[in-house]
Amino acid sequence: MAKPDSAIPFQALIDAHARSVAAFLRGMLPPDDVDDVLQETMIAALRAYPSFDGTSPRAWLLTIARHKAIDEHRARARRPEALVEPDAVPAQGSHGHGDDELWARVAVLPPKQRAAVVLRFVLDLRYREVAAALDCSEAAARRSVHEAMRSLRAAVEPKPKEEATR
Amino acid sequence: MTTETELKDAARATAAAELDVDALSAAVSRRAAAEGILDLVYAEVDSPLGRLLAVSTPVGLVHLGYPNRALDSQLELLASRISPRIVESPRDLDPVRRQLDEYFDGARRDFDLDLDWQLTAGFVRAVLERTAAIPFGETRTYGEVAAAAGSPRAFRAAGRALGANPIPIVVPCHRVLRSGGALGGYGGGLNVKRELLQLEGVLEPELSRERSPGRGR
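Line by line, the protein sequences give chains A and B. Per this note's numbering: the first sequence = residues 1 to 166. Per this note's numbering: the second sequence = residues 167 to 383.
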């Protein structure tokens, strides 16, 4: 039975946060997998909802989504077609070639860095919220984004130069 | 050189892509119901009285909300009293919607719906169960339903019980009047009670009467 202080109908979480979760998953998964994993995320959240403490529902949902995305990556890696069809990129059209190419490089980042980049730049979250969704410290969240940025740069410039920005 | 600005630009299409929240809710409610982890489903039902909120458990219809009550606060109350596992699922409320439509069209006199009485207990429940048996187009007094529920002198308590009716219209508390024939009270507002009694032919329609401006806030 629900506690009085957690009496937010689950539908209110869907209404308020499903778009963020969907955007996160679009950044994490090939387009064909997004709908399924989004549903699985919401089902898992609904199952766990009576014991959710009510603080920061978006970060809570994003954490579940991240776990589901990682599960999906693992399942995909076990499937033979994953060898010939590397992780596809969200191809949302209407964009310059450069953007698509950049996302292609985001797609091959390690999952945690990729998640950090998506949370920071697709969802435009603050590092505090990125950290909450990644279940890590704010410093670790910043580090993940910085490492991701470094790999993305390295992918453009095969011979890494001294970084001027600091 | 990859900059944060470039990444944000590249991310814009992903961030802006549309999501059909209704379709997602429908899919979630379907799967959740199959797994037995959905405690409440709801839908808004259009009626001549305004938009009603219909809420069901796996047992049956548990709540029918008048248009004069805010949807969010009704759902939050149900979340705390029954379970926060609530998802909007119009499909699950189709039978309720259909029967209400028929009732308001004058094509149905009795509702044939499973009801979940869990929001009622004791004397309130006894009063409401007796009230549920009052036929279409007939009325009783508060004293009569109190007596039928076993406490002839508790007509005031019967009034309060009817005011707490979680499933109005279907459990026809509008058919209970004061002994002199005055309307008494009604949770949905006396205008609604009057309209329902007119629909059932108990009261003459007042063709010139204006709709209350206070309704449906």
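Every residue, glycine too, gets a C-beta built ideally from N, C-alpha and C.
6 Å CB neighbourhood of residue i in its chain, flanking five on each side removed
i	result
Pro-214 (chain B)	Phe-270
Arg-330 (chain B)	For clarity, residue 330 (chain B) is Ala in the given sequence; the question names Arg instead. Closer than 6 Å at Cβ, skipping near neighbours: Val-290.
Val-34 (chain A)	Leu-25 and Arg-26
Leu-362 (chain B)	His-340
Ala-133 (chain A)	Ala-59, Leu-62, Thr-63 and Leu-119
Glu-40 (chain A)	Lys-68
Buried versus exposed, by CB contacts within 10 Å (16 or more), residue i
i	result
Arg-319 (chain B)	exposed
Arg-275 (chain B)	exposed
His-340 (chain B)	buried
Ala-48 (chain A)	exposed
Gly-325 (chain B)	buried
Pro-111 (chain A)	exposed
His-229 (chain B)	buried
Ala-69 (chain A)	buried
Gly-93 (chain A)	In this prediction, Gly-93 (chain A) scores a pLDDT of 44, lower than 50, which makes its location untrustworthy; the coordinate-derived value is nonetheless stated afterwards. With fewer than 16 Cβ atoms within 10 Å of its Cβ, Gly-93 (chain A) is classed as exposed.
Asp-205 (chain B)	buried
Arg-74 (chain A)	exposed
His-17 (chain A)	buried
Val-108 (chain A)	exposed
Ser-249 (chain B)	buried
Val-268 (chain B)	One detail in the question is off: residue 268 (chain B) reads as Glu in this sequence, not Val. Flag for Glu-268 (chain B) reads exposed.
Ala-200 (chain B)	exposed
Ser-137 (chain A)	exposed
Cβ of residue i within 7 Å of any chain A Cβ
i	result
Lys-359 (chain B)	no
Asp-186 (chain B)	no
Ala-313 (chain B)	no
Ser-222 (chain B)	no
Leu-241 (chain B)	yes
Ala-181 (chain B)	yes
Ser-255 (chain B)	no
Ala-348 (chain B)	no
Ala-330 (chain B)	no
Ser-345 (chain B)	no
Ala-245 (chain B)	yes
Ile-335 (chain B)	no
Ile-203 (chain B)	yes
C-beta neighbour in chain B for residue i, strict 7 Å
i	result
Ile-14 (chain A)	yes
Val-122 (chain A)	yes
His-146 (chain A)	no
Leu-102 (chain A)	yes
Arg-74 (chain A)	no
Gln-113 (chain A)	no
Arg-26 (chain A)	yes
Ala-141 (chain A)	no
Ala-23 (chain A)	yes
Ala-7 (chain A)	yes
Residue i in three-state terms, based on DSSP
i	result
Ala-273 (chain B)	coil
Ile-248 (chain B)	coil
Ala-220 (chain B)	strand
Gly-329 (chain B)	helix
Gly-367 (chain B)	coil
Leu-185 (chain B)	coil
Tyr-352 (chain B)	coil
Ala-209 (chain B)	strand
Gly-347 (chain B)	coil
Gly-303 (chain B)	coil
Val-34 (chain A)	helix
Glu-170 (chain B)	helix
Gly-316 (chain B)	coil
Pro-57 (chain A)	helix
Tyr-202 (chain B)	According to the sequence as given, residue 202 (chain B) is Gly; it is not Tyr. Three-state result, Gly-202 (chain B): coil.
Gly-27 (chain A)	helix
Leu-227 (chain B)	strand
Val-311 (chain B)	helix
Pro-50 (chain A)	helix
Glu-242 (chain B)	helix
Within chain A, partners of residue i - CB distance below 8 Å
i	result
Arg-251 (chain B)	Phe-10, Leu-46, Tyr-49 and Pro-50
Val-194 (chain B)	Ile-14, Gln-39, Met-42, Ile-43 and Leu-46
Ala-236 (chain B)	By Cβ distance, chain A contributes nothing, its closest Cβ being about 13 Å from Ala-236 (chain B), past 8 Å.
Within chain A, the residues that residue i reaches when beta carbons sit closer than 7 Å
i	result
Asp-175 (chain B)	Asp-99
Ala-198 (chain B)	Ile-43 and Leu-46
Ser-213 (chain B)	Correct list: empty, because the minimum Cβ distance to chain A is about 21 Å.
heavy atom of the ligand ZN below 6 Å from residue i C-beta
i	result
Gly-354 (chain B)	Looking at this structure, you won't find the ligand ZN or any other ligand, since it has none at all.
Under 8 Å by beta carbon: chain B residues contacting residue i
i	result
Ala-18 (chain A)	Leu-185, Val-187 and Leu-190
Val-117 (chain A)	Leu-173
Ala-131 (chain A)	Ordered by position in chain B, no residue passes the 8 Å Cβ test against Ala-131 (chain A), which lies about 18 Å from the chain.
Within chain B, the residues that residue i reaches when beta carbons sit closer than 7 Å
i	result
Leu-38 (chain A)	Leu-190
Beta-carbon proximity list for residue i, same chain, < 8 Å, skipping 5 on both sides
i	result
Ser-378 (chain B)	With a pLDDT of 48 at Ser-378 (chain B), under the threshold of 50, the modelled position of that residue is not reliable, and no figure is offered here.
Residues of its chain near residue i, where Cβ-Cβ distance is below 7 Å and the 5 sequence neighbours each way are ignored
i	result
Tyr-384 (chain B)	Lying before the first or after the last residue shown, residue 384 (chain B) is absent from chain B, which here runs from 167 to 383.
Leu-123 (chain A)	Ser-20, Ala-23 and Phe-24
Pro-86 (chain A)	The pLDDT assigned to Pro-86 (chain A) is 48, lower than 50, so where the model puts this residue is not dependable; a value taken from the coordinates is nonetheless given after this. Correct list: empty, nothing qualifies.
Contacts that residue i makes with chain A (C-beta to C-beta distance below 9 Å)
i	result
Glu-210 (chain B)	None at all; the shortest Cβ gap to chain A is about 12 Å.
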